[in-house]
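Accompanying notes for the structure given below.
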Amino acid sequence: MREVVLDTETTGLSPEEGHRIVEIGCLELI
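Numbering (this note's numbering), first residue to last: 6 to 35.
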């Protein structure tokens with residue numbers, strides 16, 4: 006069974022305060 010793991014790096018948790026996603030990573034596990 007294959008699984009995909011998603012990881013995000015952000016500048017904070019609140020989009021209302023201008024925080025943004027700065028990096029997205031994806032890894033396939035076989």
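Think of the CB as a built atom: it goes at the ideal place given N, C-alpha and C, for glycine as much as any other residue.
### Same chain, Cβ closer than 6 Å to Leu32, neighbours up to 5 away in sequence not counted
Val10
### Task
In angstroms with no decimal places, state the Cα-to-Cα distance between Gly17 and Glu8.
27 Å
### Message
Taking 7 Å as the threshold (C-beta atoms), are His24 and Arg15 in contact?
### Response
One detail in the question is off: residue 15 reads as Thr in this sequence, not Arg. Result yes, Cβ atoms of Thr15 and His24 sit closer than 7 Å.
### Task
For Ile35, I'd like the list of residues in its chain whose CB is within less than 6 Å of its CB, leaving aside the five on either flank, ordered along the chain.
Arg7
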